[in-house]
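Have a look at the structure below, then the notes.
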Amino acid sequence: MAIQTIATQPIAGQKPGTSGLRKKTAVFSQPYYLENFVQSVFDTLGDCTGKTLVLGGDGRYHNRKAIQTILKMAAAHGYASVLVGQGGILSTPAASCVIRKRGAAGGLILSASHNPGGADGDFGIKYNIAAGGPAPESVTDAIYSRTESITQYRISDAQDINIDTIGVAQIEGMRVEVFDPVADYAELMSRLFDFDAIRKLFAGGFTMRFDGMSAVSGPYAHAILEGMLGAPKGTVINGTPLEDFGGHHPDPNPVNAAQLIALMAQPDAPDFGAASDGDGDRNMIVGRKFDVTPSDSLAVLAANATVAPGYRAGLKGIARSMPTSRAADKVAQALGIPCHETPTGWKYFGTLLDADMATLCGEESYGTGSSHVREKDGVWAVLFWLNLLAATGKSVEDIVTAHWARFGRHYYSRHDYEGIDAAAANLLMNDLRVKLPALKGQNLNGHTVELADDFSYTDPVDGSTAAKQGIRIVMADGSRIVLRLSGTGTEGATLRVYFELYEPDPAQQRRPVQQALASLIAAADSVAAISLQTGRSSPSVIT
Ligand code: VG1
Ligand code: CO
């Protein structure tokens, strides 16, 4: 065994986006691609000697190979120890949990999350810091800038090691510990939620389907729901991680989790449905014939947080990403706690959670989480809902409609225009930016514009700033249109248009969502010339 120094050259475009570096698998599997990026991470971190690194991924194609490469590179950089999830499996929230619990210096998570996997799909990598959360922008910017000047990387020429059996091995004197990816996480969950009450719920005949979407959350759901909580076998469907996610798009929304939605619409539907994404950090909550929007889910959990033992003491604050509906703001107001508005991406919640300024966080993109880790957490959200259902004995629909009656309903929808021409997408955003100053006071389809800007954020804890985080057009009647370009795609550009309309009157809260939002949808098209600029007459995905 020897450590080798290999000459390399910068590869263009290794810039992490909303959540790490994501590219086509074919790009990632090119010689030097992963190595250059990982070396740039290690160079940015500085001296790694004696430190512990957590390593794992969502099990997608190329995961195992990438893990072997990273192990050999870590060994060449003096890490004392690398903790690897068995079989290379480690959900994003479990990685965050393990980094924190084991006092690791950080972790490398291999995932492109909700993007499809396989040889023709996507692959990704991100670095998480010692607090357990995604590296802040200052770090990802430094990594990117390192990728632009890299000249060599260091790697051990050791043989591949067995990552399928729990135990300890060595590479160049570095300890490699293959651990059970579920155990620490499951133990944390059992401390946060009333497992006895949930066990009784299942024992009483309550039925559920959890769709693992053939991705990483399956093993967690099998162990916790069917194992620790006694849910009948078959509660978890698509529960085995597959390298290509069964050819599906592992994104838990009503479009991509159509199988679950159809099941929940049957006359004999289970009481409760849920799904998670590729790397296990997203969640979709479904009642019988009743989908819960992620923004509502955050608000409902916040309003009822004290039912769960881990949140008995109440919440310090709530944080939501800017495009997420303002349903959580209403709850924060009622609870007398702050509601922070951050840019899209979980990395912006870290400082607020560390400073105890927020306890619950959420994003409209099926992401909910709390201070228990520093990532959004799919299975956690599902357990929180189960705890709530067990504590109240009510149905999902009854809980949500009672919430609307009390706080008002925020009708909400996101329209995605995927794979559009990147130049056209940038033109659309730039044209709209130019129009913003003149929009104030204008009447758009019956809504008077109160504020129109490009969202900028200053972190209240460390003072760091992020500009151009999405265009928001806020109306005097409380409704909003938000437009931004995705930072997780790998082909062309994706335009996301978010719509929100507040309806305080319970008699008006059961309208079809797209109909309720129709005036805003038409207003967005006229102000941003969406059909004209994208060449699309309708969005590719509506959630
Ligand atoms: C999307 C979502 C964002 C989420 C991000 C990572 O980003 O909109 O809310 O944090 O994915 O989620 P974008 O830039 O494509 O809109 V995950 O589960 O893919 O790590
Ligand atoms: Co994800």
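Going by the UniProt record's numbering, the residue at position 67 of the sequence shown is 67; the numbering climbs one at a time, nothing skipped. Every residue gets a Cβ at the ideal spot worked out from N, C-alpha and C, and that includes glycine.
Through-space distance from residue 93 to residue 280, alpha-carbon basis: 7 Å
Run through DSSP, which three-state label would residue 150 get? coil
From what residue to what residue does the alpha helix (DSSP H) around residue 430 run? 422-439
With the cut-off set at 8 Å, would you say residue 156 and residue 171 are in Cβ contact? yes
Near residue 293, which residues of its chain fall below 6 Å by C-beta distance, leaving aside the five closest residues on each side in sequence? 412
Just checking my contact of residue 11 with residue 32 at CB under 8 Å: how many whole Å lie between their CB atoms? 7 Å
What's the C-alpha gap between residue 482 and residue 457? 15 Å
Could you check whether residue 365 and residue 353 sit closer than 8 Å to each other, using their CB atoms as the reference points? no
Going by DSSP in three states, residue 97 sits in which element: helix, strand or coil? helix
For residue 17, tell me which candidate among 127, 103, 99, 83 has the shortest Cα-Cα distance. 127
Secondary structure of residue 443, DSSP reduced to three states: strand
Beta-carbon proximity list for residue 72, same chain, < 7 Å, skipping 5 on both sides: 155, 156, 158, 171
Can you check which of these residues, 207, 90, 491, is closest to residue 220 by C-alpha distance? 90
At a cut-off of 7 Å, would you count residue 365 as near the ligand VG1, judging by its Cβ distance to the nearest heavy atom? yes
Distance check for residue 210 and residue 288, CA to CA, integer angstroms please. 13 Å
Confirm, please, whether the CB-CB distance from residue 70 to residue 108 is below 8 Å. yes
Considering only C-alpha positions, which residue in the set 417, 186, 253 is nearest to residue 284? 253
Only counting the same chain, and skipping five residues up and downstream in sequence, which positions put a Cβ closer than 7 Å to that of residue 373? 93, 96, 97, 100, 132
If we require 4 or more residues per run, which alpha helix (DSSP H) segments fall completely within the segment 199-286? 217-221, 258-264
Option in 522, 402, 271, 500 with minimal Cα separation from residue 204: 271
Which residues in the same chain as residue 431 place their Cβ atom closer than 8 Å to its Cβ, once the five residues preceding and following it in sequence are excluded? 528, 529, 533
Just how far apart, CA to CA, sit residue 184 and residue 408? 39 Å
Beta-carbon separation (whole angstroms), residue 177 vs residue 111, contact threshold 8 Å: No, residue 177 and residue 111 are not in contact; Cβ-Cβ is about 21 Å, not under 8 Å.
Which of the three DSSP states, helix, strand or coil, is assigned to residue 409? strand
Cβ neighbour criterion (16 or more within 10 Å) applied to residue 523: buried
Please confirm whether any heavy atom of the ligand CO lies closer than 7 Å to the CB of residue 282. yes
Beta-carbon within less than 6 Å of residue 261's beta-carbon, same chain only, minus the 5 sequence neighbours each way: which residues are those? 254
Anticipated Cβ contact below 8 Å, residue 193 with residue 362, distance rounded: That pair is no contact at about 18 Å.
Closer than 7 Å: is that where the CB of residue 492 sits relative to any heavy atom of the ligand SAM? Inclusion of the ligand SAM in the displayed structure is not the case, the ligand content consisting of the ligand VG1 and the ligand CO alone.
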